[in-house]
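Engineer: Before we start, here is the structure in question, set down as structure tokens.
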Amino acid sequence: MPDPHDHQRSTTGEILRDPVIQRLTAARSFVSMANGMLPVALSFTILQLLHSATDLGLILGAETLTMVIAILFAGVLADRVPRKSLLVLSDVFFGLSMLASGILAVLSVRQLPYYLLAAVLIGFADALFVPAFEGWAQQVIPVQQRQQASAVRSIYRNIGAIAGPFLAAVLVAAISAPWALVVAGILPLIGGAIFIKLPAGASTGEAPASLLSELRSGWGAFRSRSWIWSVDLQFALWHVVIWAPLMVLGPVLAEHYYHGATSWALIWAGVGVGGVIGGLVAFRYHPRFPVRTGTIAMVGLTPVMVLLALHANVWLTSAAAILGGAGLELFGALWSYSFQTHVPADVISKVASFDFLASVAFLPLGLAIVVPLSRLITVEGVFLLGAGYLVLSAILVLCVPSVRQLGRAPLEQVLPDNGDNVT
454 MPDPHDHQRS TTGEILRDPV IQRLTAARSF VSMANGMLPV ALSFTILQLL HSATDLGLIL
514 GAETLTMVIA ILFAGVLADR VPRKSLLVLS DVFFGLSMLA SGILAVLSVR QLPYYLLAAV
574 LIGFADALFV PAFEGWAQQV IPVQQRQQAS AVRSIYRNIG AIAGPFLAAV LVAAISAPWA
634 LVVAGILPLI GGAIFIKLPA GASTGEAPAS LLSELRSGWG AFRSRSWIWS VDLQFALWHV
694 VIWAPLMVLG PVLAEHYYHG ATSWALIWAG VGVGGVIGGL VAFRYHPRFP VRTGTIAMVG
754 LTPVMVLLAL HANVWLTSAA AILGGAGLEL FGALWSYSFQ THVPADVISK VASFDFLASV
814 AFLPLGLAIV VPLSRLITVE GVFLLGAGYL VLSAILVLCV PSVRQLGRAP LEQVLPDNGD
874 NVT
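Our numbering numbers the first residue of the sequence shown as 454 and each following residue consecutively.
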């Protein structure tokens, strides 16, 4: 069945000239550059200052645990207060926490609790951003521009993500890892200042219900959409066997088998290059079944996991990272479009909070156990386990009918009402 929105889709020129899209991509590019610097700057700061991969895992785990605890309340908050304010506040918390960590490290402060506290603030910033952004974007960006807007944002964001690791690596080599963290902390503050000039979006105009009833309504909307929670279950373990090893064990591999921060930055830059490519693909390619296509694209991370396990040549590993980054960003653009199109405006922030919670709930556990697990089955075994999971989990998720069948238009517009809930 043809996409009912095809005839309304904006042209490339219209998208690129839109001031909202321009400011949004610029703002998120600064934040993404900081995110690109973070794996290099923070990892090597902690490894050099505290000399412990376990401490690095604890710091990353504190960030994620805070995000998991705060995310549901952030979803309710995003339906009660202006979402743009939460997005700006998120950038401010993110920047100040990295800035504080960098300054403490420059002063050679070696007490772990300070860095744990900064990680808690980063986790709170992450929790504020996710549900608020989905609701804000749904209000501000017209439906015919959503996928292209996500694609353009991915392109500019990944340009920042490419520059971030290299900037961090240069600063680590030329000055120190703590100063790289200080610079990374300034960038989200610039992004937040740009975001202030964007429109606020319309209010729902409804009096807020009690916290419990709002959580209940969000849970009901989340639970009724199997295409969301089945993909979230996939990502719950994905964060344990893919993301946690990359964040904690990746820098260890770079230290032992490559050339330290420079090599790790090159691999992360490959992910960023792939993200630009994935964004370009998403800008032009509008598949009939977005979630199905995005799920298949995620398998593109498999080669880089295998090559890291084999300690393959850094250039070959970086090339594989390009494929993985392209798959990640194509999935992200298609998922964001589907989410904003198929989830009703009155529950989107609450559903987004449950969506994010379900997908990252096990990440603190993954960050805590990844080092002990590597001692049990070796670092290489952890990465091979992740590669196998990428393929197997994609096959299982594609067995879910709603994942395969979810189209571009809301299902109530393209399917007869036969009483079956397939959303």
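Backbone N, C-alpha and C define an ideal beta-carbon position, used for all residues, glycine too.
1) Using the beta-carbon count (16 or more within 10 Å), is Arg470 buried or exposed?
2) Just to confirm the assignment: which complete alpha helix (DSSP H) runs, minimum length 4, are found wholly within the region 535-609?
3) By the 10 Å Cβ neighbour count, where 16 or more other Cβ atoms means buried, how is Gly658 classified, buried or exposed?
4) How would you label Leu859, buried or exposed, when you count the other beta carbons within 10 angstroms and need 16 or more for buried?
5) Would you kindly work out how many angstroms separate the C-alpha atoms of Phe735 and Val823, rounded to a whole number?
6) For Ile830 versus Ile775, is the C-beta spacing smaller than 8 Å?
7) Quick test of the definition: if touching needs 3 or more C-beta pairs under 8 Å, does the region 546-554 touch the region 602-615?
8) So, for Ala479: in the same chain, excluding its five sequence neighbours on each side, which residues have a beta-carbon less than 6 Å away from its beta-carbon?
9) Does the region 780-791 come close enough to the region 751-763 that 3 or more CB-CB pairs lie under 8 Å?
10) When we look at the beta-carbon of Lys650 and count the other beta-carbons within 10 Å, is it buried (16 or more) or exposed?
11) Could you tell me the boundaries of the alpha helix (DSSP H) in which Asp685 lies?
12) Can you tell which of Val693, Ser855, Pro618, Ala627 has the C-alpha that lies nearest to the C-alpha of Ala637?
13) How many whole angstroms separate the CB atoms of Ile512 and Leu569, which I take to be in contact at a CB cut-off of 8 Å?
14) How about the region 718-732 and the region 615-633: do they share at least three Cβ pairs that are nearer than 8 Å?
15) The alpha helix (DSSP H) spanning Trp788 covers which residue range?
16) Determine the burial state of Thr507: buried for a count of at least 16 other Cβ atoms within 10 Å of its Cβ, exposed for fewer.
17) For Trp825, name the three-state secondary structure that DSSP assigns.
Structural biologist: Quick answer:
1) Here residue 470 corresponds to residue number 17 of the sequence shown, with the count starting at 1. Under this definition Arg470 is an exposed residue.
2) 536-559, 565-593
3) Walking along the sequence shown from the start, residue 658 turns up at place 205. A caution first: Gly658 carries a pLDDT of 47, below 50, which makes its placement in the model too unreliable to give a value.
4) Translated into the one-based positions of the sequence shown, residue 859 becomes position 406. Looking at its Cβ environment, which holds 16 or more other Cβ atoms inside 10 Å, Leu859 is buried.
5) On the sequence shown, residue 735 is found 282 positions in, with the first residue counted as 1. On the sequence shown, residue 823 is found 370 positions in, with the first residue counted as 1. The identity of residue 735 in the sequence shown is Ala, whereas the question assumes Phe. Roughly 33 Å separates the two Cα atoms.
6) Residue mapping note: residue 830 aligns to position 377 of the sequence shown, counting from 1. Residue mapping note: residue 775 aligns to position 322 of the sequence shown, counting from 1. Against a cut-off of 8 Å, the Cβ pair of Ile775 and Ile830 comes out as no contact.
7) no
8) Within the sequence shown, the letter at position 26 stands for residue 479. For Ala479, where only same-chain residues beyond five positions count, the Cβ hits under 6 Å are Ile647.
9) yes
10) In the sequence shown, the residue the question calls residue 650 occupies position 197. Exposed: under 16 other Cβ atoms inside 10 Å.
11) If you number the sequence shown from 1, residue 685 lands on position 232. Element bounds for Asp685: 679-691.
12) Numbered from its first residue, the sequence shown carries residue 637 at position 184. Comparing Cα positions, the closest option is Pro618.
13) For this step, residue 512 is matched to residue 59 along the sequence shown. For this step, residue 569 is matched to residue 116 along the sequence shown. Between Leu569 and Ile512 the Cβ distance is about 6 Å, and since that is below 8 Å, they are a contact.
14) yes
15) In the sequence shown, counting from the first residue as 1, residue 788 sits at position 335. Its alpha helix (DSSP H) spans residues 767-795.
16) Along the sequence shown, one-based indexing puts residue 507 at 54. By the 10 Å Cβ count, Thr507 comes out exposed.
17) Counting from 1 along the sequence shown, the entry for residue 825 is found at position 372. The residue you asked about is not Trp; residue 825 is Pro in the sequence shown. Three-state DSSP puts Pro825 in a helix.
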